[in-house]
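Here the structure comes first, spelled out in C-alpha cells, and everything after it is commentary.
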Amino acid sequence: MRTITDLAGDGAPRGIFDELSKREVRRAALTAVAVPGYQVPFGSREMPVARGWGSGGLQVTLALVGPEDRLKVIDQGEDGGVNASNLRRLVVGHVGCEEETDTRQASLIQSRHRIPETPLRADQTLVLQVPVPELLRAVEHDVREQRRMHAEADYSRMWVGLYEDVVRNGVVTKTAGYPCMVNGRYLISPTPIPRFDVPKLDRTEHLTLFGAGREKRIYAVPPHTEVEPLVFEDIPFEVEHTPGAACRHCGCEESYLVEVPATDGSVTWVCSDTDFCTRNRERER
C-alpha cells in the first residue's frame with residue numbers, strides 16, 4: 321500500500337522547462353537559422369511569466385543557456401529594470417549560470433526592445449523578445465492570405481502602406497518595429513526596437529534569434545545575413561536623432577538617447593544602454 325509520502329513524491333524541483341521542450345525549441349531555432357527570416361512554429365509552453373511579457377524570449381534563452389554561460393538580460397537597454405531583473409533571476413535560478421552586465425563578457429544576451437550599443441562578436445548570441453511577429457497583420461487580417469503573401473514574397477501591400485504614410489505625413493512615420501527584408505526574401509518585424517537599431521542587424525558577426533511565445537513563432541537572422549529596411553529610392557532610411565542632444569552622464573551624442581524630464585520641467589537626455597554609458601564614464605576618468 322502506497323503511503324501519503326509516496327504519493328506526494330520527493331519534492332525535488334523539476335524545473336520550469338523540461339528537456340523535451342528545450343529540444344523542440346532548438347529544432348525550431350535550427351530551422352530558423354537555415355531559412356533566415358522564416359517564422360518557424362513551435363509548441364510554446366506555459367512559463368512563469370504571462371504571454372506577451374517575454375515568454376518567447378525566455379523559452380529560447382532556456383533552450384540555449386547552460387551552466388557555463390554568462391547571461392545578460394536587458395529591458396530597453398537597462399540591466400536593472402523590473403522585467404530584466406526578474407527574468408535574469410528566473411533563468412539563473414533554474415540553470416545556475418553566471419549573471420553578467422558587461423556586454424563584452426556575456427555569451428548570451430536576452431533583450432527587450434533594444435540591441436546593445438557595443439557590437440557583438442561571433443561567439444555571442446542575442447535573443448530578442450517579440451510581442452507581434454507578423455507585420456502583415458497591419459495590412460491583411462486573414463492568416464491564410466498572410467501565409468500566401470510570405471510564400472510568394474508578395475509584399476506589395478506593405479509598400480502601399482508605407483507610400484500612404486509618406487503621402488499623408490511627408491515621411492515614413494513608423495519607428496519601432498520597422499519592416500525589414502532578410503536575405504532578400506522574407507519580411508520580418510525586428511521587434512519594437514527603434515529604427516536606430518535596425519542597421520545593427522545587417523551583416524552582423526553574431527546570431528540573432530527572435531522568440532514570440534504568445535504567437536508560437538521563432539525566426540532568426542544568422543551571422544553575415546543581409547537585413548535591409550523597406551525604403552523608397554528617393555526617400556532614404558533615417559534613424560532617430562536630435563541635433564545637439566547628448567547624454568547628461570557621459571556626454572555621448574552617437575548612442576540612442578531617451579528623454580528624462582527634470583524637476584524644473586526641462587528635458588535632459590541619457591543613454592538608453594546603461595552598460596555602454598557606464599563604461600563611457602569610466603573611460604573619461
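For the sequence shown, our numbering assigns the number 321 to the initial residue and increments by one for each residue that follows. Here a beta-carbon is modelled for each residue, glycine too, at the ideal position from N, C-alpha and C.
Query: Does the ligand NAD have a heavy atom nearer than 7 Å to the CB of W589?; Result: By its list of ligands, the structure shown contains no ligand whatsoever, and the ligand NAD lies outside what it can speak to.
Query: Grab me the residues of M321's own chain with a C-beta within less than 8 Å of its C-beta, minus the 5 sequence neighbours each way, in chain order.; Result: The predicted model places M321 with a pLDDT of 47, which falls under 50 and marks its position as unreliable, so this point remains unresolved.
Query: By how many angstroms is the C-alpha of V385 removed from the C-alpha of G416?; Result: 10 Å
Query: Check whether the Cβ atoms of A458 and G481 lie closer than 8 Å to each other.; Result: yes
Query: Tell me which same chain residues have a C-beta within less than 6 Å of the C-beta of M367, skipping the five on either side of it?; Result: S375, L378
Query: Between the stretch 442 to 456 and the stretch 416 to 431, do three or more beta carbon pairs fall short of 8 Å?; Result: yes
Query: Can you find the residues in the same chain that come closer than 8 Å, C-beta to C-beta, to R468, ignoring five residues on each side of it along the sequence?; Result: D474
Query: For S575 versus F557, is the C-beta spacing smaller than 8 Å?; Result: no
Query: Should A332 go down as buried or exposed, given a rule of 16 or more other Cβ atoms within 10 Å for buried?; Result: At A332, the pLDDT of 44 sits below 50, so the modelled position is not reliable; the number obtained from the coordinates is stated separately. Under this definition A332 is an exposed residue.
Query: Rounded to whole angstroms, what is the Cα-Cα separation between G564 and V353?; Result: 40 Å
Query: So, using beta-carbon positions, are Y498 and P356 closer together than 8 Å?; Result: no
Query: List in chain order: all unbroken beta strand (DSSP E) runs of 3+ residues lying wholly within the stretch 452 to 509.; Result: 500 to 502, 506 to 508
Query: Going by DSSP in three states, R390 sits in which element: helix, strand or coil?; Result: strand
Query: Assuming T351 and V345 form a contact by the criterion Cβ under 8 Å, report the distance between their Cβ atoms to the nearest whole angstrom.; Result: With a Cβ gap of about 11 Å, T351 and V345 do not count as contacting.
Query: Looking at the unbroken beta strand (DSSP E) that takes in S405, where does it start and where does it end?; Result: Looking at the DSSP string, S405 is not in any beta strand (DSSP E); the run it does join, the alpha helix (DSSP H), is 402 to 415.
Query: Given 8 Å as the limit, is there contact between the stretch 533 to 545 and the stretch 580 to 589, that is, 3 or more CB pairs closer than that?; Result: no
Query: For chain B, find out if any of its Cβ atoms is closer than 8 Å to the Cβ of D462; answer yes or no.; Result: The structure shown contains no chain B; it holds only a single protein chain.
Query: Restricting to runs no shorter than 4 residues, where is the alpha helix (DSSP H) found entirely within the stretch 337 to 403?; Result: 339 to 354, 375 to 384
Query: Is H433 near P512, with beta carbons less than 8 Å apart?; Result: yes
Query: Return the chain-ordered list of same chain residues with a C-beta closer than 8 Å to the C-beta of H414, the five sequence neighbours on each side being excluded.; Result: G335, I336, F337, L382
Query: Please report the residue range of the beta strand (DSSP E) in which C591 lies.; Result: 587 to 591
Query: When burial is assigned at 16 or more other CB atoms within 10 Å of the CB, is E420 buried or exposed?; Result: buried
Query: Roughly how many angstroms separate the alpha carbons of G329 and E339, rounded to a whole number?; Result: Caution applies to G329, whose pLDDT of 46 falls short of 50 and renders its modelled position unreliable; the model cannot decide the point.
Query: For P581, does the count of other Cβ atoms within 10 angstroms reach 16, so buried, or fall short, so exposed?; Result: exposed
Query: Using C-beta distances below 7 Å, list every residue in its chain close to V547, excluding the 5 sequence neighbours before and after it, in chain order.; Result: C500, V502, L521, D522, V541
Query: Please report how far the alpha carbon of H569 lies from the alpha carbon of I435, in whole angstroms.; Result: 20 Å
Query: Helix, strand or coil for T598? Go by DSSP, reduced to three states.; Result: helix
Query: I need the boundaries of the beta strand (DSSP E) containing P514, first residue and last residue.; Result: No beta strand (DSSP E) contains P514, which DSSP labels as neither H nor E.
Query: Report the residue from V578, D517, G400, E602 whose alpha carbon sits nearest the alpha carbon of R528.; Result: Residue identity differs from the one stated: residue 528 is Thr in this sequence, not Arg. Ranking V578, D517, G400, E602 by Cα distance to T528 puts D517 first.
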